[in-house]
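K.L.:
There are 2 protein chains.
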Amino acid sequence: MANSEAESRVLRLRAALDSGRWAPVKRQLASLNPSEVAKLLAALPERERNLVWEMVDPADDGQVLLHLPEDVRDGLIRQMDTAELVAAAEDLDIDDLADFVDSLPETVTREVMRALSDADRARLEAVLIHEPDTAGGLMNTDTVTVRPDVSLEVVMRYLRMRGELPAHTDALFVVDRYGVYLGRLALDRILTRDPASTVTEVMDRDSEALAVDMSERDVAQEFESSDLVSAAVVGSDRKLVGRVTVDDVVDVIRADAEHNLLSMAGVDEDEDLFAPVRRAARRRALWLGINLCSAFLAARVVGLFEATIQQVVALAVLMPIVASMGGIAANQIVALMVRGLALGQIGAGNTGALLRKEMLVALINGLLWGLVVAGVTSWWFDSPTLGFVIGLALLLNLMFAAMAGLLVPLMLRRLGLDPALAGSVIVTTITDVMGFFLFLGLGTLILL
Amino acid sequence: MANSEAESRVLRLRAALDSGRWAPVKRQLASLNPSEVAKLLAALPERERNLVWEMVDPADDGQVLLHLPEDVRDGLIRQMDTAELVAAAEDLDIDDLADFVDSLPETVTREVMRALSDADRARLEAVLIHEPDTAGGLMNTDTVTVRPDVSLEVVMRYLRMRGELPAHTDALFVVDRYGVYLGRLALDRILTRDPASTVTEVMDRDSEALAVDMSERDVAQEFESSDLVSAAVVGSDRKLVGRVTVDDVVDVIRADAEHNLLSMAGVDEDEDLFAPVRRAARRRALWLGINLCSAFLAARVVGLFEATIQQVVALAVLMPIVASMGGIAANQIVALMVRGLALGQIGAGNTGALLRKEMLVALINGLLWGLVVAGVTSWWFDSPTLGFVIGLALLLNLMFAAMAGLLVPLMLRRLGLDPALAGSVIVTTITDVMGFFLFLGLGTLILL
Numbered sequence: 068m069a070n071s072e073a074e075s076r077v078l079r080l081r082a083a084l085d086s087g088r089w090a091p092v093k094r095q096l097a098s099l100n101p102s103e104v105a106k107l108l109a110a111l112p113e114r115e116r117n118l119v120w121e122m123v124d125p126a127d128d129g130q131v132l133l134h135l136p137e138d139v140r141d142g143l144i145r146q147m148d149t150a151e152l153v154a155a156a157e158d159l160d161i162d163d164l165a166d167f168v169d170s171l172p173e174t175v176t177r178e179v180m181r182a183l184s185d186a187d188r189a190r191l192e193a194v195l196i197h198e199p200d201t202a203g204g205l206m207n208t209d210t211v212t213v214r215p216d217v218s219l220e221v222v223m224r225y226l227r228m229r230g231e232l233p234a235h236t237d238a239l240f241v242v243d244r245y246g247v248y249l250g251r252l253a254l255d256r257i258l259t260r261d262p263a264s265t266v267t268e269v270m271d272r273d274s275e276a277l278a279v280d281m282s283e284r285d286v287a288q289e290f291e292s293s294d295l296v297s298a299a300v301v302g303s304d305r306k307l308v309g310r311v312t313v314d315d316v317v318d319v320i321r322a323d324a325e326h327n328l329l330s331m332a333g334v335d336e337d338e339d340l341f342a343p344v345r346r347a348a349r350r351r352a353l354w355l356g357i358n359l360c361s362a363f364l365a366a367r368v369v370g371l372f373e374a375t376i377q378q379v380v381a382l383a384v385l386m387p388i389v390a391s392m393g394g395i396a397a398n399q400i401v402a403l404m405v406r407g408l409a410l411g412q413i414g415a416g417n418t419g420a421l422l423r424k425e426m427l428v429a430l431i432n433g434l435l436w437g438l439v440v441a442g443v444t445s446w447w448f449d450s451p452t453l454g455f456v457i458g459l460a461l462l463l464n465l466m467f468a469a470m471a472g473l474l475v476p477l478m479l480r481r482l483g484l485d486p487a488l489a490g491s492v493i494v495t496t497i498t499d500v501m502g503f504f505l506f507l508g509l510g511t512l513i514l515l
Numbered sequence: 068m069a070n071s072e073a074e075s076r077v078l079r080l081r082a083a084l085d086s087g088r089w090a091p092v093k094r095q096l097a098s099l100n101p102s103e104v105a106k107l108l109a110a111l112p113e114r115e116r117n118l119v120w121e122m123v124d125p126a127d128d129g130q131v132l133l134h135l136p137e138d139v140r141d142g143l144i145r146q147m148d149t150a151e152l153v154a155a156a157e158d159l160d161i162d163d164l165a166d167f168v169d170s171l172p173e174t175v176t177r178e179v180m181r182a183l184s185d186a187d188r189a190r191l192e193a194v195l196i197h198e199p200d201t202a203g204g205l206m207n208t209d210t211v212t213v214r215p216d217v218s219l220e221v222v223m224r225y226l227r228m229r230g231e232l233p234a235h236t237d238a239l240f241v242v243d244r245y246g247v248y249l250g251r252l253a254l255d256r257i258l259t260r261d262p263a264s265t266v267t268e269v270m271d272r273d274s275e276a277l278a279v280d281m282s283e284r285d286v287a288q289e290f291e292s293s294d295l296v297s298a299a300v301v302g303s304d305r306k307l308v309g310r311v312t313v314d315d316v317v318d319v320i321r322a323d324a325e326h327n328l329l330s331m332a333g334v335d336e337d338e339d340l341f342a343p344v345r346r347a348a349r350r351r352a353l354w355l356g357i358n359l360c361s362a363f364l365a366a367r368v369v370g371l372f373e374a375t376i377q378q379v380v381a382l383a384v385l386m387p388i389v390a391s392m393g394g395i396a397a398n399q400i401v402a403l404m405v406r407g408l409a410l411g412q413i414g415a416g417n418t419g420a421l422l423r424k425e426m427l428v429a430l431i432n433g434l435l436w437g438l439v440v441a442g443v444t445s446w447w448f449d450s451p452t453l454g455f456v457i458g459l460a461l462l463l464n465l466m467f468a469a470m471a472g473l474l475v476p477l478m479l480r481r482l483g484l485d486p487a488l489a490g491s492v493i494v495t496t497i498t499d500v501m502g503f504f505l506f507l508g509l510g511t512l513i514l515l
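These protein sequences, in sequence, are chains A and B.
Counting from 68, one number per residue, gives the positions in the first sequence under this note's numbering.
Counting from 68, one number per residue, gives the positions in the second sequence under this note's numbering.
(1) Specify, as a first and last residue, the run of the beta strand (DSSP E) that S361 of chain B falls within.
(2) Rounded to the nearest angstrom, what separates N417 of chain A and P112 of chain B at their Cα positions?
(3) Looking at the C-beta of R88 of chain A, does it have a partner C-beta in chain B at a distance below 8 Å?
(4) Could you please give the first and the last residue of the uninterrupted beta strand (DSSP E) stretch that includes F240 of chain B?
(5) Which residue from B:G356, B:L249, B:D318 and B:D273 puts its Cα closest to that of R305 of chain B?
(6) Listing by chain order, which chain A residues have their CB less than 8 Å from the CB of A390 of chain B?
(7) Determine which residues share a DSSP beta bridge with N417 of chain B and list them.
(8) Roughly how many angstroms lie between the CA atoms of E67 of chain B and P199 of chain B, to the nearest whole one?
(9) With burial defined as no fewer than 16 other Cβ atoms inside 10 Å of the residue's Cβ, what is the status of D261 of chain B: buried or exposed?
(10) Please confirm whether A469 of chain A has its beta-carbon closer than 8 Å to some beta-carbon of chain B.
(11) Would you kindly report the start and end of the unbroken alpha helix (DSSP H) that includes T174 of chain A?
(12) Run through DSSP, which three-state label would Y225 of chain A get?
(13) Does the CB of W436 of chain A have a neighbour CB from chain B at under 8 Å?
(14) Using a C-beta to C-beta distance shorter than 8 Å, which residues of chain B count as neighbours of W354 of chain A?
(15) Hey, could you find the ends of the alpha helix (DSSP H) V104 of chain A is sitting in?
(16) The alpha helix (DSSP H) that contains S297 of chain B, what's its start and end?
(17) Which of helix, strand or coil does DSSP assign to A69 of chain B?
(18) Under a CB-based cut-off of 8 Å, is G411 of chain B close to chain A?
(19) Just to confirm, is the Cβ distance from A402 of chain A to L329 of chain B under 8 Å?
(20) Could you check where the beta strand (DSSP E) with R251 of chain B kicks off and where it finishes?
(21) Between the alpha carbons of D40 of chain B and E231 of chain A, how many angstroms are there, rounded?
(22) Rounded to the nearest angstrom, what separates P343 of chain A and V175 of chain B at their Cα positions?
(23) Enumerate in chain order the residues of its own chain whose CB-to-CB distance from T208 of chain A is below 7 Å, with the five nearest sequence positions on each side excluded.
(24) Using a Cβ cut-off of 8 Å, which residues of the stretch 228-246 of chain B contact any Cβ in chain A, in chain order?
(25) Let me make sure I understand the geometry here. Which of B:T312, B:E291, B:E173 and B:A82 has the alpha-carbon closest to that of A238 of chain B?
(26) Using the three-state DSSP reduction, which class does T208 of chain A fall into: helix, strand or coil?
(27) Please check if any C-beta of chain B sits within less than 8 Å of the C-beta of N70 of chain A.
(28) Chain A beta carbons: is any one of them nearer than 8 Å to that of G250 of chain B?
(29) Please give me, in chain order, every unbroken run of the alpha helix (DSSP H) with length at least 4 that falls completely inside the stretch 396-459 of chain A.
(30) Which value, in whole angstroms, describes the spacing of the CA atoms of A69 of chain B and G203 of chain A?
(31) Residues of chain A with CB closer than 8 Å to the CB of N464 of chain B, please, in chain order.
(32) If we define contact as Cβ-Cβ less than 8 Å, is F363 of chain A a contact residue for chain B?
(33) Count the other CB atoms within 10 Å of the CB of D449 of chain A; is the residue buried (16 or more) or exposed (fewer)?
(34) Going by beta-carbon coordinates alone, are A109 of chain B and L135 of chain B separated by less than 8 Å?
(35) Could you give the C-beta distance for L54 of chain B and I400 of chain B, rounded to a whole number, given that I count them as a contact under 8 Å?
(36) Please list the residues of the stretch 314-329 of chain A that have a C-beta atom closer than 9 Å to any C-beta atom in chain B, keeping them in chain order.
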């Protein structure tokens, strides 16, 4: 089974915790990297989590906090004093620090700013002025730059003098004397080309820099489609301001995917599976409340047909079938639309064709399952007319479901909202209401 | 708006297609990289897609096919003749070729194998013997290796002689004379350390190699937690067999996330939004059919209470509320569980704590919304007893929903199945059946 290693780690740690022996817990923690410690903490119930957190090496505090889901991070930060938080912040890269600062209380942020060197403070401010979900918010300022007119020999001498390069440096950036971005010089070219050649001869001019205000989703698509490890970020004046690295892009992709999955199901993406009961209950209550309104709306529709149901109780027995099939069909389309919109595959150019296609798919499945439902119902209630009513209602509701599943995500996006919100509640309301109305309405017309 | 560039590209291309002018279409295609061409093709309806495909530069065919969703790829491959397919295959890396070969008809695979050089054929076979969803299936065999006892000076001379390095080479791998993996030598260390030092002195011994049979999900977690760009893959004898690079890992993460999103909604992950109507209808029919069985089951339960409904029609009006609230609550938990299981956060060590927590959350929300429903119902139907019945049924159904949402994904995983299958159909069946049974059952006991 996958994940068995992670599981057995949690198990061993909990066993050690339960037995009250701290030495093995500490030993186990010391063997993990910050991201693994973060995963472990996120998987522990709150009491154990706080105990283990006390035992994490303070030098790792910053990195561990950074890798935690927001909810868990906020919980732990609330227990730390300012001195601990400042110490944790000092060990972070500028781009990580910028993320981290967002979680800190105002007063601590000021302390952290004061503790930084002037140069670091300026760099942090350079990142903080950008929206967090843009290339500027994702970037780090640790670029290594070279001039176009020097030889590779000189570049190599410079690098040896400079020492260690920042993580994920697969290329140096070539800039002119004004700091304007000209291209990139991959490390492997420095190593494989003739040392006498100049940077201009060897550098890659085709690799486009990212604009500082590019959305992080577009950044991720650019990394994916061009298989990048790092990319330069430039301001509107084409001057180099920083670089984005693939590790941060992976986080964006992961977060985006989780967001879609959770918001389709009506959960807040920041919800921590091991959050305290009160917080989890509050966060989920919202969608349940919205759904309750929508369920009452559906009940109102059923209520319109009380007299009909009184005479033909079979309608009440069968009506959940029509509604439920519509819900499933609509959610299938919503999921495909959410993926298609995230990948940038859907636009004004093809919605017409898509709608025609989905209506046809609904027609085919409506005819197929409508006939099945009609057959089973005719036999169960010994009434071909009732069979005809439910078959027709199912067919029509699947067509409505196709329209709703396709158009609601598009409309949400047009309004600047998240298309995944169409999932479960909104689209299901439409298919429930239409399902009950069609079935009971047709029943009233045809059976009475 | 995000994606607007991609959208406008599709729009422009379709306009050019509609006008029948091929020159601008070709010009636009030539300015895109293979992954962008693939995205464009995937976003076009079938007729236009085939037209555009004819115009793609044959030298890019292989790369474009590789970036397409499986469904679209298979459609295009069916139209190509063997010579074209062999030509497309020849331009691919070994790891990409291994993926590609899976999509080819048997006869073409044999042709492709014959067209390869002996060395390439041996390398392809080395990748093909591994399961596609393991490190071995993901890896490429284009490793660049060095011996531990040479100096960096010598390594640099060797690299200059060798020329261009494979894409995503951020490190060379250090192996002994038997090919056993010893560690990695990062390119930036070659550039920044004293050229007289030996590989042994400079190399990183701590970086663990991946086992060839490690699951691709674990590989992705390792890349994420250690922020890797490439990692060595070793066989059970610790001999280096290949390397995995971050671009392939990004694809795994993306595919995994899409899989969860779509399978929660009951759609096949390979389904192409622009698939031909007949294929799309067939693929979605399965879940609709399963859901129909489950809906009939729920209807059977309602049917048990026909006599009760006859006397108190309000029960029929209100019963969808109880079922729908249970469905939403259960799906919220399923989404959190699917994410938690994918991240390896859930195991035997904490399911007990999780279940207790979710039952408490359900109790709180059940009491809250149970009271609201009871109040509204008492007022609407002027019957406090009916209000009490629906409030209690809602509370109990939310508790059942919590159990189902938590335990069904765990059970599926224990059975070696995909936990995301719990979404929509399975869990909703449970909450529908329980919702109707509890509400109508309590109604029969209390109201009659």
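All C-beta atoms, glycine included, are put in the ideal place defined by N, C-alpha and C.
Quick caveat, the model's predicted, so the values are computed rather than measured.
P.N.:
Let me spell this out:
(1) No beta strand (DSSP E) contains S361 of chain B, which is instead part of the alpha helix (DSSP H) from V344 to L371.
(2) Near 7 Å, if we compare the C-alpha coordinates of P112 of chain B and N417 of chain A.
(3) For R88 of chain A, the answer is no, since every Cβ of chain B falls outside 8 Å of its Cβ.
(4) A238 to V242
(5) B:L249
(6) P387
(7) In DSSP, N417 of chain B forms no bridge with anything.
(8) Because chain B is modelled from 68 through 515, residue 67 of chain B falls outside the range shown and cannot be assessed.
(9) Its Cβ having fewer than 16 others within 10 Å, D261 of chain B is exposed.
(10) A469 of chain A does not count as touching chain B.
(11) E173 to A182
(12) helix
(13) yes
(14) I395 and Q399
(15) P101 to A109
(16) Run containing S297 of chain B: none in the alpha helix (DSSP H); it sits in the beta strand (DSSP E), S297 to V301.
(17) The predicted model places A69 of chain B with a pLDDT of 39, which falls under 50 and marks its position as unreliable; any figure quoted below should be read in that light. Three-state result, A69 of chain B: coil.
(18) yes
(19) yes
(20) Y248 to A253
(21) Residue 40 of chain B falls outside the range modelled here, since chain B spans only 68 to 515, and no answer is possible.
(22) 57 Å
(23) I161, R190, A193, V194 and G309
(24) R229, G230, E231, L232, A234, H235, T236 and D237
(25) B:T312
(26) coil
(27) Legend: pLDDT at N70 of chain A = 46, less than 50; position of this residue unreliable, no value from coordinates given.
(28) no
(29) 418-447
(30) Note that A69 of chain B scores a pLDDT of 39, beneath 50, so its modelled location is shaky; the value from the coordinates is reported in the next line. One C-alpha to the other measures close to 16 Å.
(31) Here the premise fails: no neighbours, minimum Cβ distance about 12 Å.
(32) yes
(33) exposed
(34) In contact: A109 of chain B and L135 of chain B (Cβ atoms closer than 8 Å).
(35) This structure cannot speak to residue 54 of chain B, because chain B is shown only from 68 to 515.
(36) D314, V316, V317, D318, I320, R321, D323, A324, E325, N327, L328 and L329
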